[in-house]
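Counting from 619, one number per residue, gives the positions in the sequence shown under this note's numbering.
Just so you know, even glycine gets a beta-carbon here, dropped at the ideal spot from N, CA and C.
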Amino acid sequence: MPTDGEYKTWPPYIDLAGVRVYLATVWAKWVVSASRLGTARPVTINRDDLVNPDVED
């Protein structure tokens, strides 16, 4: 995960405008989907996605 701290700092965090936000990884066990949309897929989020959500890829 991205972090503004030293390499391997736990928990990782991002500092923005004087506010420190700690990041947590969540793992869920794969099970059969009850949704008609199908199985969920992992999403990768980088630092820019967190601090500047208005920027399009």
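Closest Cα partner of residue i within the set the options
{"i": "Ala-658", "options": "Arg-665, Asn-664, Ala-646 and Asp-667", "result": "Ala-646"}
Simplified DSSP assignment, three categories, for residue i
{"i": "Leu-655", "result": "coil"}
{"i": "Val-669", "result": "helix"}
{"i": "Ile-663", "result": "coil"}
{"i": "Tyr-625", "result": "coil"}
{"i": "Val-637", "result": "strand"}
8 Å Cβ cutoff met for residue i and residue j
{"i": "Pro-660", "j": "Ala-642", "result": "no"}
{"i": "Ile-632", "j": "Arg-654", "result": "no"}
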